[in-house]
Amino acid sequence: MTNPDNRSKYIAIRYLKGVIVRKTGWSPEQYLKFEDERTRPANDLLAAVPTNQVEFAVDLGCGPGNSTELLLKRYPSAEILGIDSSAEMIAQASERLPDCRFEQGDLDTWRPEKKADVLYANASMQWLSGHDKLFPQFMGFLNTNGSLAIQMPDNLEQPTHIAMREVASDKSWAEKLAKANATRSSLGDASFYYDLLKPHGKRVDIWRTTYHHPLEGIEGIVQWFLGSALRPYLAALNEDEKPQFLEKYREVLARSYKPMSDGVVLLPFPRLFIIATK
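Going by this note's numbering, the sequence shown opens with residue 68, and the numbers climb by one from there.
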């Protein structure tokens, strides 16, 4: 779909005048536009956690509370704590789950007040570097038989992210977007994480799954990443540059993503899953 239809253009304009552009932080509303799709891997991750006796569980990077809600449903008698660096996300999660406790904090410096039975990190650790030190540290925060459960998007080499970097290299804004390109680090492979975590636990389970999300054309892909990977780029641009960046991004995406017979574009989205049990 080289040119968005009129409805897509309207959606884009409405976005550019809306809450995301006015903020440099996370927008729970934009993130939850695809709640079902974003919650599916969270559910798949939790379903594979072998730990059943849980008194204290922590959602590391809880976002707007959709993943925390899964923890609450599986462990209804446990104390559940959600941690996120975004005040907007914490406010949304607290409103959604008033019986859970939520705190604002940075995951790379966070320390629990007591050992946990489950540390659950759905789509949050890809924003942090230093996994070689951070993940073993998390294992030290677990009780015996406790589990560290991590799911991370593994899509930096997908056309969606290659396109972001290509558009960001435009001389119009290349200098100011250099830091945005570095907001996510490349992930290690399965062997890296197995060797990293096995000395700290009795069981390490790792797998990689590619989801294929049906989205409404190129604009559907843009809307998806407005709630995640596009944030650092747009946050660094001024109000005139943001629509220009997004229009160029649509043009580059159209080279790789072609609509199906019904106008839907399938977005392949690979994710890496890790569960280490102490």
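Ideal Cβ placement from N, Cα and C applies to all residues, glycine included.
In this text, all values refer to a predicted model and were calculated from it rather than measured experimentally.
Please list, in chain order, all residues of the same chain as residue i whose beta carbon is under 8 Å from its beta carbon, the five residues on each side excluded.
i, result
"ARG275", "ASP221, ALA257, PRO337, ARG338, LEU339 and PHE340"
"TYR299", "First, the residue type needs correcting, since residue 299 is Pro and not Tyr in the sequence shown. Here the set comprises LYS246, ALA247 and THR250."
"ILE288", "THR227, LEU282, LEU320, TYR324, VAL332 and LEU334"
"LYS182", "PHE123, PHE208, LEU209, ASN210 and GLY213"
"ASN110", "LEU137"
"ALA347", "There is simply no residue 347 to check, as the chain begins at 68 and stops at 345 in what is shown."
"LEU354", "Since the displayed the chain opens at 68 and closes at 345, residue 354 lies outside it and no answer follows."
"GLU308", "SER239 and TRP240"
"ARG232", "ASN248"
Can you tell me whether residue i is buried or exposed, with buried defined as 16 or more other CB within 10 angstroms of its CB?
i, result
"MET327", "exposed"
"HIS198", "buried"
"LEU259", "Reading off the sequence, residue 259 comes out as Phe, not Leu. Result: exposed."
"GLY207", "exposed"
"ARG178", "exposed"
"ALA321", "buried"
"ASP151", "buried"
"ARG270", "exposed"
"ARG89", "Reliability of the predicted coordinates at ARG89 is poor, the pLDDT of 33 falling under 50, and no value is obtained from them."
"THR211", "exposed"
"GLN204", "exposed"
"THR344", "buried"
"PRO266", "exposed"
"GLY330", "exposed"
"SER144", "exposed"
"LYS140", "exposed"
Starting from residue i and walking both ways along the alpha helix (DSSP H), at which residues does that stretch end?
i, result
"ARG163", "154-163"
"PHE208", "Careful: PHE208 lies outside any alpha helix (DSSP H) and carries neither H nor E."
"TYR187", "Where TYR187 is concerned, there is no enclosing alpha helix (DSSP H), although the beta strand (DSSP E) it sits in stretches over 183-189."
"ASP262", "257-264"
"LEU148", "Not the alpha helix (DSSP H): LEU148 falls in the beta strand (DSSP E), residues 146-151."
"GLU136", "133-141"
"GLU306", "Unbroken run through GLU306: none, as it is neither H nor E."
"ASN119", "No alpha helix (DSSP H) contains ASN119, which DSSP labels as neither H nor E."
Run through DSSP, which three-state label would residue i get?
i, result
"VAL319", "helix"
"GLN218", "strand"
"ALA124", "strand"
"PRO179", "coil"
"GLY330", "coil"
"THR106", "helix"
"ALA296", "coil"
"VAL88", "Residue confidence for VAL88 is low, a pLDDT of 33 falling below 50, so the modelled location carries little weight; the figure read from the coordinates is stated next. If DSSP states are grouped into helix, strand and coil, VAL88 belongs with the helices."
"ARG338", "strand"
"THR344", "strand"
"GLY213", "strand"
"GLY130", "coil"
"GLY197", "coil"
"ALA241", "helix"
"LEU174", "coil"
"ALA247", "helix"
"LEU223", "coil"
"LEU254", "coil"
Please go through the same chain and pick out, in chain order, the residues whose beta-carbon is closer than 6 Å to the beta-carbon of residue i, but skip the five residues on each side of it.
i, result
"VAL185", "THR118, VAL121, ALA124 and SER214"
"PRO335", "THR277 and HIS279"
"ALA188", "LEU127, GLY128 and ILE217"
"PRO108", "GLN218 and ARG338"
"ILE157", "ASP151, PHE169 and GLN171"
"SER161", "PHE169"
Would you mind reading off the limits of the beta strand (DSSP E) that contains residue i?
i, result
"HIS280", "270-282"
"ARG232", "Here ARG232 belongs to no beta strand (DSSP E); instead the alpha helix (DSSP H) covers 226-235."
"GLN171", "168-171"
Given residue i, which residues of its chain have a CB within under 7 Å of its CB, disregarding the five upstream and five downstream residues?
i, result
"LEU223", "ARG251 and SER253"
"LEU244", "ALA235, TYR300 and ALA303"
"LEU195", "LEU174, ASP175 and LEU201"
"SER191", "LEU127, GLY128 and LEU174"
Compare the C-beta of residue i against all C-beta atoms of chain D and say whether one is closer than 8 Å.
i, result
"LEU301", "Checking the listed chains, one finds no chain D in this structure; it contains a single protein chain."
Is residue i near the ligand ADP, in the sense that its beta carbon is under 7 Å from a heavy atom of that ligand?
i, result
"GLY207", "You won't find the ligand ADP in this model; it holds no ligand whatsoever."
### Task
May I ask you to verify whether the region 316-325 touches the region 246-256, counting CB pairs closer than 8 Å and requiring at least 3?
Look at the beta carbons and you see the region 316-325 not touching the region 246-256: under three pairs across the two are nearer than 8 Å.
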